[in-house]
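> These protein sequences, in sequence, are chains V and X. In this text, residue positions in the first sequence follow the numbering used here: the first is 26, and each later residue adds one. In this text, residue positions in the second sequence follow the numbering used here: the first is 9, and each later residue adds one.
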Amino acid sequence: MIQIIVYGVITGAFYGLAAVGLSLVFGVMKHLNIAHGSFLMIGGFVSFWLFHLFKIDPFVSIPLAMIILFVLGGVLYKGLFSHLDKLPEGLKINNSMLVGFGLTWILDNLAILFWTSDVRAVTPSYTGKVWNPLTGLRIPIVGLGVIGIALLVIFSLYLLLTKTYFGKSVRGTAQDRDAASLVGINVERTYLVFFALGAALAGIAGVVSAVNYSVHPTVGFEWLLKAIIILVLAGFGKVGPVFVAGLLLGIVEGISVYFVGTTYREVVGLVIFILVMLKRSM
Amino acid sequence: MLEVNEIDVYRGDIRVLWSVSLKVEEGTITALLGSNAAGKTSLLMSISGLIKPMRGSIRFNGMEITKEPAHRIVEIGMSMVPEGRRLFPEMSVLENLELGAFLKKARNAKDRAIEEIYEIFPILKSRATQMAGTLSGGEQQMLAIGRALMSRPKLLLIDELSLGLAPLVLQHIAEIIKEINVSRGLTIFIVEQNALMTLEMAQFGYLIENGRIVGSGETNSLLQNEQIKNAYFGI
Numbered sequence: 026m027i028q029i030i031v032y033g034v035i036t037g038a039f040y041g042l043a044a045v046g047l048s049l050v051f052g053v054m055k056h057l058n059i060a061h062g063s064f065l066m067i068g069g070f071v072s073f074w075l076f077h078l079f080k081i082d083p084f085v086s087i088p089l090a091m092i093i094l095f096v097l098g099g100v101l102y103k104g105l106f107s108h109l110d111k112l113p114e115g116l117k118i119n120n121s122m123l124v125g126f127g128l129t130w131i132l133d134n135l136a137i138l139f140w141t142s143d144v145r146a147v148t149p150s151y152t153g154k155v156w157n158p159l160t161g162l163r164i165p166i167v168g169l170g171v172i173g174i175a176l177l178v179i180f181s182l183y184l185l186l187t188k189t190y191f192g193k194s195v196r197g198t199a200q201d202r203d204a205a206s207l208v209g210i211n212v213e214r215t216y217l218v219f220f221a222l223g224a225a226l227a228g229i230a231g232v233v234s235a236v237n238y239s240v241h242p243t244v245g246f247e248w249l250l251k252a253i254i255i256l257v258l259a260g261f262g263k264v265g266p267v268f269v270a271g272l273l274l275g276i277v278e279g280i281s282v283y284f285v286g287t288t289y290r291e292v293v294g295l296v297i298f299i300l301v302m303l304k305r306s307m
Numbered sequence: 009m010l011e012v013n014e015i016d017v018y019r020g021d022i023r024v025l026w027s028v029s030l031k032v033e034e035g036t037i038t039a040l041l042g043s044n045a046a047g048k049t050s051l052l053m054s055i056s057g058l059i060k061p062m063r064g065s066i067r068f069n070g071m072e073i074t075k076e077p078a079h080r081i082v083e084i085g086m087s088m089v090p091e092g093r094r095l096f097p098e099m100s101v102l103e104n105l106e107l108g109a110f111l112k113k114a115r116n117a118k119d120r121a122i123e124e125i126y127e128i129f130p131i132l133k134s135r136a137t138q139m140a141g142t143l144s145g146g147e148q149q150m151l152a153i154g155r156a157l158m159s160r161p162k163l164l165l166i167d168e169l170s171l172g173l174a175p176l177v178l179q180h181i182a183e184i185i186k187e188i189n190v191s192r193g194l195t196i197f198i199v200e201q202n203a204l205m206t207l208e209m210a211q212f213g214y215l216i217e218n219g220r221i222v223g224s225g226e227t228n229s230l231l232q233n234e235q236i237k238n239a240y241f242g243i
């Protein structure tokens, strides 16, 4: 049982990483970026190629994946999403979903075109190695890395959002856009940087996914589904609850494998999703 | 200091301002009076850059600012206390003040500026860590004024100071604003429904009705004007 929970925590830490960018961008900007999963996929491929071609360790390739996704996110925001910012909130959510959906289509198919639809994985020397702190308890080394990265991301985001002027301006903009521009915040630039940051967070999750699981051109949508379940569980715009919901989903899925088998694992997450939706609407 | 020249403003398809012109002289408190939906807030939003006039120009110290975005207007030296305060409700009093000093220039003098605000409104100091959304109406208005002062503006724009305030609280805040005007030499442009209170604070006044300026002058003469007495004070 403890073993199941350990795997659940590792999975959950990854789910948190996959969802945090989506949740923050939605909370602050009201863009529900469906293409977040595809950003994640690209991050995974960045890590794969860096490892495959130059033997760069996946955890070392994280900063580079972040930079690439940051730039890509910024360009795509400027070119596609920024036009939606003048719309009222509801329309903005709907339209950003449509734009994101189209973008997913394009990015995923470009990935197939360039990299074929093969399933790839990043396999550094420590893949499959485990740490035995107790007899019978096995903790994968990669899993420890995933948890470490998740903790680092939580801590960094906390510092960024509460201690820096940029973070405060982001929170201010989320709470009252007009009031933010009235104190001198350039809202358009804040949005641009924050969307790019959301993409960079997808980049981190992408690298982690490639080393903890595997990566292929349409993997993004699978992770996006998990991220949306977490978004519904946790509410949006806050870092802590996203990771708590991620852990919850990871552990529940882990336990469900024990009882109903791997085949129905996906169902469990979606059942939780539906139950929460029903509860919320009442 | 501020010159508005014949601006026409639309909100969506609806025209709300018709060739509005006015001036705010340096060092004064100037008031714009008018009833609900007369176009007061639209005028202030045009000045502060949140909406753009279709025609006409706005100048600040001789500089053309009609097309500047809101965040640039703050940099140029105008700061607004918006209608309904528009604080950041889920941030503390201190964080609201800090965001008031968002501009690089203001950021360097932030700590001193916060001390000054606490001297003007001591109650804010004792509420420093409280969420802005949980303050009383009067405290929120004080915080909104404090936040606007943090950027060290040359001209302070105030939209509906009296909204939702108890008379005694309003009187207290109005006194403080008069004092800031004198002690800091800060120019103030205030937009109000509450005519009597405002005319007592201001030296110059403009009257707006249905999006048009219908009268102006020194407040002493406006207070004596029979038509205004009828329209605004119901005497």
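Here a beta-carbon is modelled for each residue, glycine too, at the ideal position from N, C-alpha and C. Predicted model, so just to flag it, every value in this text is computed and none were measured.
#1: If you measure between the beta carbons of ILE59 (chain X) and SER65 (chain X), is that distance less than 9 angstroms?
#2: Any beta carbon of chain V sitting closer than 9 angstroms to that of GLY219 (chain X)?
#3: Under a three-way DSSP split, which group does ASN13 (chain X) fall into?
#4: Of all Cβ atoms in chain V, is any one closer than 9 angstroms to the Cβ of MET71 (chain X)?
#5: What is the rounded straight-line gap between the Cα of GLY219 (chain X) and the Cα of ARG63 (chain X)?
#6: Against GLY197 (chain V), what residues of chain X qualify as contacts under a CB-to-CB distance less than 9 angstroms, listed in chain order?
#7: List the endpoints of the continuous beta strand (DSSP E) containing ILE244 (chain X).
#8: To be precise: take each residue of the segment 38-61 of chain X, compare its Cβ to all Cβ atoms of chain V, and keep it if any distance is under 9 angstroms. Which residues remain?
#9: Using alpha carbons as the reference points, say which of V:VAL267, V:GLY197, V:VAL100 lies closest to LEU176 (chain V).
#10: Report the rounded CA-to-CA distance for MET150 (chain X) versus GLY271 (chain V), giving the unit in angstroms.
#11: Would you verify that the beta carbon of ALA205 (chain V) is, or is not, closer than 9 angstroms to some beta carbon of chain X?
#12: Are the beta-carbon atoms of GLY279 (chain V) and TYR40 (chain V) separated by less than 9 angstroms?
#13: For the 8 angstroms Cβ check, are there 3 or more pairs between the segment 232-244 of chain V and the segment 130-146 of chain X?
#14: Identify the continuous alpha helix (DSSP H) that holds GLU114 (chain V) and give its terminal residues.
#15: Against chain V, with Cβ distances strictly below 9 angstroms, would ALA121 (chain X) count as a contact?
#16: Out of V:LEU226, V:VAL195, V:VAL167, point me to the one whose CA is closest to ASN58 (chain V)'s CA.
#17: Return the Cβ separation of ILE254 (chain V) and LEU274 (chain V) in integer angstroms, given the expectation that the two are a contact with Cβ distance under 8 angstroms.
#18: Under the rule that 16 or more other beta-carbon atoms within 10 Å means buried, what is GLN200 (chain V), buried or exposed?
#19: Listed from N- to C-terminal order along the chain, which residues in the segment 55-89 of chain V have their beta-carbon within a distance smaller than 9 angstroms of any beta-carbon of chain X?
#20: Looking at C-beta atoms only, is the number of pairs between the segment 76-86 of chain X and the segment 203-216 of chain V that lie closer than 8 angstroms three or more?
#21: In whole angstroms, what is the alpha-carbon distance linking LEU75 (chain V) and SER150 (chain V)?
#22: Based on DSSP bridge pairs, tell me the residues matched to THR243 (chain V).
#23: So LEU163 (chain X) and PHE197 (chain X) are in contact, right, with Cβ under 8 angstroms, and what is the actual spacing, rounded?
#24: Along the chain, where does the beta strand (DSSP E) that runs through ASP167 (chain X) open and close?
#25: What did DSSP end up calling PHE191 (chain V) once you bin it into helix, strand or coil?
#26: Could you pull the DSSP bridge partners for THR160 (chain V) from this structure?
#27: Would you mind working out which of X:VAL222, X:LEU194, X:ILE131, X:GLU127 sits nearest ILE37 (chain X), comparing C-alpha positions?
#28: Take every Cβ of the segment 13-31 of chain X, pair it with every Cβ of the segment 177-194 of chain X, and state whether three or more of those distances are shorter than 8 angstroms.
#29: I think SER56 (chain X) touches LEU165 (chain X), with their Cβ atoms under 8 angstroms apart; what is that distance to the nearest whole Å?
#30: Determine the burial state of ALA61 (chain X): buried for a count of at least 16 other Cβ atoms within 10 Å of its Cβ, exposed for fewer.
#31: Below 7 angstroms on C-beta distance, what does MET88 (chain X) contact in chain V?
#32: Any residues in the segment 125-141 of chain X with a beta carbon nearer than 8 angstroms to a beta carbon of chain V? Which ones, in chain order?
#33: Please say whether VAL50 (chain V) and GLY260 (chain V) have beta carbons closer to each other than 9 angstroms?
#34: So, helix, strand or coil for THR148 (chain V), using DSSP?
#35: Of the residues V:ILE166, V:GLY161, V:ARG214, V:VAL144, which one's Cα is nearest the Cα of LYS154 (chain V)?
#36: Taking just the CA atoms, how far does LEU250 (chain V) sit from GLY231 (chain V)?
Walking through what the data contain:
#1: no
#2: no
#3: strand
#4: no
#5: 14 angstroms
#6: PHE96, MET99, GLU103, ASN104, LEU107, PHE110
#7: Residue 244 (chain X) falls outside the range modelled here, since chain X spans only 9 to 243, and no answer is possible.
#8: MET53, SER56, GLY57, LEU58
#9: V:VAL267
#10: 42 angstroms
#11: yes
#12: no
#13: no
#14: 114-140
#15: no
#16: V:LEU226
#17: 6 angstroms
#18: buried
#19: none
#20: yes
#21: 15 angstroms
#22: THR243 (chain V) pairs with nothing; no bridge assigned.
#23: 6 angstroms
#24: 163-167
#25: helix
#26: DSSP output for THR160 (chain V) lists no bridge partner at all.
#27: X:LEU194
#28: no
#29: 6 angstroms
#30: The sequence given here has Pro at residue 61 (chain X), not Ala. By the 10 Å Cβ count, PRO61 (chain X) comes out buried.
#31: LEU207
#32: none
#33: no
#34: coil
#35: V:ILE166
#36: 15 angstroms
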